[in-house]
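Enquirer: Please find one structure pasted underneath; my questions will follow.
Number of protein chains: 4
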Amino acid sequence: MKKNKPKYKQIIDAAVEVIAENGYHSSQVSKIAKKAGVADGTIYLYFKNKEDILVSLFQEKMGQFIEKIEEEIQTKSNAKEKLLSMVEMHYSQLAKNHQLAIVTQLELRQSNKELRLKINDVLKRYLEVIDHIVQEGMDEKHFDPSLDMRLVRQMVFGTLDETVTNWVMNEQKYDLMQQANGVHQLLINGLSQSRE
Amino acid sequence: MKKNKPKYKQIIDAAVEVIAENGYHSSQVSKIAKKAGVADGTIYLYFKNKEDILVSLFQEKMGQFIEKIEEEIQTKSNAKEKLLSMVEMHYSQLAKNHQLAIVTQLELRQSNKELRLKINDVLKRYLEVIDHIVQEGMDEKHFDPSLDMRLVRQMVFGTLDETVTNWVMNEQKYDLMQQANGVHQLLINGLSQSRE
Amino acid sequence: MKKNKPKYKQIIDAAVEVIAENGYHSSQVSKIAKKAGVADGTIYLYFKNKEDILVSLFQEKMGQFIEKIEEEIQTKSNAKEKLLSMVEMHYSQLAKNHQLAIVTQLELRQSNKELRLKINDVLKRYLEVIDHIVQEGMDEKHFDPSLDMRLVRQMVFGTLDETVTNWVMNEQKYDLMQQANGVHQLLINGLSQSRE
Amino acid sequence: MKKNKPKYKQIIDAAVEVIAENGYHSSQVSKIAKKAGVADGTIYLYFKNKEDILVSLFQEKMGQFIEKIEEEIQTKSNAKEKLLSMVEMHYSQLAKNHQLAIVTQLELRQSNKELRLKINDVLKRYLEVIDHIVQEGMDEKHFDPSLDMRLVRQMVFGTLDETVTNWVMNEQKYDLMQQANGVHQLLINGLSQSRE
DNA sequence: TATGAATGAGAATTCATTCAT
DNA sequence: AATGAATGAATTCTCATTCAT
């Protein structure tokens, strides 16, 4: 299995670094190879083509990203706590890894439609996590049972994505983690005057 | 002023058509020129370079987009109605113009960081519209006065943007307008069990 | 019509020179462009791709080659004279243009199967010239009427082609034209002891 | 002597198969190694480089080819019969081995000038066979003693080669062997009205 | 002998932009 | 103002060959 060989991960990590530093369009395969410490041709022993590096990068990193969120959520006992945990994990993981944040929020979006479809496939798993939390909340009667799942999913993901993108575009000048509680409250209560 | 000459608008409209039909990366200047019925070189009498066509396109179209939202909102008397009106206008204008929706939601995001910074400048005006509505709602005590304006702005915009992008990526198979009320409710009440 | 523009012919002539001098595999498009005195990109205004240069080269040069043979043959009154004329013209034209001889006999044969099929199309016209002469000879009862046209055509063309290729491979050390009569006699009488 | 080791022949036979199936340009060393059941590196224990495989292939196969022709010819008592025998053997051997025919007539001609010079060296032995037959025919006074040996050699070889190439290019749709007599007659009598 | 992972040189083509007319 | 022919920089991927094991 190529994915377990050390060079596979080396190349993906080099790709993250190179893309974060140089931007998507200035990230030539030869630059990635150099940073990974392998020959250009070696890249093609592990990846079908350049796009395959990017898709694999996203799968690998986003897979771990979602896995960690799933693990953390399991330790929580109700939907509200799970949602908070998800927001916190989403933010903390990207806050911890600035380069990855740049790559996923900005650079990889410059890819073509085909690549973005593959990226969306990876995201489906994340959307399912959201769905489960919301469903649980509705079952608990803490969330409105009449909610349209698709809209909720898009609000939650859209909000998280937009807040992270803003943070990255502002060059991470403020503390992303500090927003977690506020965003959680917003998602739970919306704009309305809170009842408490 | 070049912006009032007929060819200026011709070229921008051609760009929207060409990009919607062919995708960002297959939209060569020569294709836009052909569709606009002018020579390649003529483009450069009206635009500094290719990127300038795209920025101008966004300014022109998004400017009108925001203007119409502003006009419509003025006729509403409170923040909740204004927010609903904004959601409806946002959706209706893009639903009415599929090509523009494809260009703004998918194709223009493939542009490089520099171009996206300029695009963000255009969006600032829209974000200010959101801010005004939210501020008004807080003043009316209908919206929670302790809300963090930046987070709200990002939740609102992120939700609208994500819902439209999903609709476009699903090839506009469902009716975007029908979502307006649900999204409005979600933004107002969040996930919590509604009080009514 | 692009074929009548001066750059079209410039590029083809440059291609003949470059291929004859450097060999097929060392004849990069950029080398041809440089020799033709145009930019690399200009090549692609006149030719679809590199292979199209080679096919066009063959069509252009071989077309003229065959045309001249046809013209010369018309002035002869019987098949034997026409055959001699054909042999002489075949040899004289290639003897006069060493570079073209190298390209057609050696370098262009290194091309892939697809290109060779296109080259064969061009040659069909030449084979028809042979067929006409042989048919005329059979009608005159000077040539054996029971001959298999396909075999004759292949013998004649194979002989001419092989003799020219040998001459080119021997770096044109001997006089190709001096062979014309001998080859003509061979084709007419074969190996048999002549009757005269 | 490496040539007698089993892997030497394995590799050559694999090369014939691979080139016949995939064409010259798609016949990578790794493909040949795989078909031969050896590692890529093993090839280089038996052959200096890729070109050496091709030259050796030609030497090996053409050597056997010529040997069989020589054996068969020995059983004939005069030049005419020997010539017929040569034509028949030439055709029958290639008709029996389609893959080899494809490789020698089409694929190996795509090689570069250098390789073809080496190939020509191998063919010299065949040309000598032709020369001997012709000389014998002239001594017997059945062939015209004033013939130019070089021209005859090129006519005979050019005719055989052209007829086989045509047969291969036409995907061996007709029976090559059936042409043997006709070609033999053509070579003996040329185009002239036969005396019988 | 045999292996096969790693190497790295090498080239066609596109397309934004210019500028002589 | 308008044209459009000409420019030329820039990059992925293949595959023959090597060499540590």
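Going down the list, the protein sequences come from chains A, B, C and D.
Here the UniProt record's numbering is used: the first residue of the first sequence is 1, the next is one more, and so on.
Here the UniProt record's numbering is used: the first residue of the second sequence is 1, the next is one more, and so on.
Here the UniProt record's numbering is used: the first residue of the third sequence is 1, the next is one more, and so on.
Here the UniProt record's numbering is used: the first residue of the fourth sequence is 1, the next is one more, and so on.
The beta carbon of each residue, even a glycine, is placed where N, CA and C say it ideally should be.
Just so it is clear, the structure is predicted and the values come from calculations on it, not from any experiment.
Which of the three DSSP states is assigned to F47(B) in this structure?
Expert: coil
Enquirer: Can you list, in chain order, the residues of its chain with a C-beta nearer than 6 Å to that of S85(D)? Leave out the 5 residues immediately preceding and following it.
Expert: For S85(D), same chain residues with a beta-carbon under 6 Å away, outside a window of 5 residues either side, are E72, I73, K76 in chain order.
Enquirer: Quick one: give me the first and last residue of the alpha helix (DSSP H) that A25(B) is part of.
Expert: For clarity, residue 25(B) is His in the given sequence; the question names Ala instead. Annotation for H25(B): no alpha helix (DSSP H) segment contains it, and DSSP assigns it neither H nor E.
Enquirer: So V38(C) and K7(C) are supposed to be a Cβ contact under 8 Å. How far apart are they, rounded?
Expert: Correct: roughly 6 Å between the Cβ atoms.
Enquirer: Please go through the same chain and pick out, in chain order, the residues whose beta-carbon is closer than 8 Å to the beta-carbon of V18(C), but skip the five residues on each side of it.
Expert: S27, K31, I32, K35
Enquirer: So if DSSP puts residue 200(A) in a beta bridge, which residue, or which two residues, is it bridged to?
Expert: Nothing in the structure corresponds to residue 200(A), since chain A is present only between 1 and 196.
Enquirer: Check the Cβ-Cβ distances between I73(C) and every residue of chain D, and say whether any is below 9 Å.
Expert: Not a single CB atom of chain D sits nearer than 9 Å to the CB of I73(C).
Enquirer: Can you list, in chain order, the residues of its chain whose CB lies under 6 Å from that of M138(D), leaving out five sequence neighbours each side?
Expert: P145
Enquirer: Taking C-alpha atoms, which residue in S192(A), L83(A), Y24(A), I69(A) lies nearest to R125(A)?
Expert: That would be I69(A), whose Cα lies nearest to the Cα of R125(A).
Enquirer: How many whole angstroms separate the CB atoms of E67(D) and L115(D), which I take to be in contact at a CB cut-off of 8 Å?
Expert: So it is not a contact: roughly 23 Å between Cβ atoms.
Enquirer: Who are the neighbours of R109(A) on chain B, taking C-beta pairs under 9 Å?
Expert: R109, Q110, R116
Enquirer: What residues in the region 171-190 of chain B bring their beta carbon closer than 7 Å to a beta carbon of chain A?
Expert: Answer in chain order: Q179, G182, V183, L186, L187, I188, N189, G190.
Enquirer: Return the residues of the UniProt DNA-binding region "H-T-H motif" (28-47) of chain D that lie within a Cβ-Cβ distance of less than 7 Å from chain C, sorted by chain order.
Expert: none
Enquirer: Determine the direct distance from the alpha carbon of Q185(D) to that of Q193(C), and round the result to whole angstroms.
Expert: 14 Å
Enquirer: How big is the Cα-Cα spacing for residue 197(B) and F58(B)?
Expert: Here chain B has residues from 1 to 196 only, and residue 197(B) is not among them.
Enquirer: For the putative contact between I11(D) and Y46(D), defined by C-beta atoms under 8 Å, what is the C-beta separation to the nearest angstrom?
Expert: Right, the Cβ-Cβ distance comes to about 6 Å (below 8 Å), so this counts as a contact.
Enquirer: Taking R109(A) as part of the alpha helix (DSSP H), name the residues at either end of that continuous run.
Expert: Run containing R109(A): none; DSSP gives neither H nor E here.
Enquirer: List, in order along the chain, the chain A residues whose C-beta lies closer than 7 Å to that of N166(B)?
Expert: Q154
Enquirer: Return the residue from the list K9(D), Q135(D), D175(D), H98(D) that minimises the CA-CA distance to L54(D).
Expert: K9(D)
Enquirer: Would you list, in sequence order, the uninterrupted alpha helix (DSSP H) runs of no fewer than 4 residues that lie entirely inside the region 75-109 of chain C?
Expert: 79-96, 98-105
Enquirer: Would you mind reading off the limits of the alpha helix (DSSP H) that contains M169(C)?
Expert: 149-169
Enquirer: Just to confirm before moving on: does the CB-CB distance between M155(C) and V183(D) stay below 9 Å?
Expert: yes
Enquirer: In chain A, which residues lie less than 7 Å from S85(B) when you measure between Cβ atoms?
Expert: Within 7 Å Cβ-Cβ: nothing; S85(B) doesn't reach chain A, min ~15 Å.
Enquirer: Taking just the CA atoms, how far does N112(B) sit from E140(A)?
Expert: 45 Å
Enquirer: DSSP state of K31(C), grouped into three classes?
Expert: helix
Enquirer: The region 135-146 of chain A: which residues have C-beta closer than 7 Å to a C-beta of chain B, in chain order?
Expert: G137, K141, H142, F143, D144
Enquirer: At the 9 Å Cβ level, is Y24(A) part of the contact set with chain B, yes or no?
Expert: yes
Enquirer: With a threshold of 9 Å between beta carbons, is M169(A) in contact with chain B?
Expert: It does; some Cβ of chain B falls within 9 Å.
Enquirer: Let me make sure I understand the geometry here. Which of L151(C), G158(C), L147(C) has the alpha-carbon closest to that of V152(D)?
Expert: Of the candidates L151(C), G158(C), L147(C), the one whose C-alpha sits nearest the C-alpha of V152(D) is G158(C).
Enquirer: What residues of chain D sit near Q105(C), judged by a beta carbon separation below 9 Å?
Expert: Under the 9 Å cutoff, chain D gives no residues; its nearest Cβ is about 11 Å from Q105(C).
Enquirer: Let me confirm a value: H25(C) is counted as buried when at least 16 other C-beta atoms fall within 10 Å, else exposed. Which label applies?
Expert: exposed
Enquirer: Distance check for T165(D) and T104(C), CA to CA, integer angstroms please.
Expert: In a straight line, the C-alpha of T104(C) is about 17 Å away from that of T165(D).
Enquirer: Using a Cβ-Cβ distance cut-off of 9 Å, determine whether R125(B) contacts chain A.
Expert: Answer no: the Cβ-Cβ gap between R125(B) and chain A never drops below 9 Å.
Enquirer: Could one say the Cβ of S157(A) lies closer than 9 Å to chain B's Cβ atoms, at least one of them?
Expert: Contrary to the premise, residue 157(A) reads as Phe rather than Ser in this sequence. F157(A) counts as touching chain B.
Enquirer: Contact defined as beta carbons within less than 8 Å: I believe L100(C) pairs with V16(C). What is the distance between those atoms, to the nearest angstrom?
Expert: That pair is a contact at about 6 Å.
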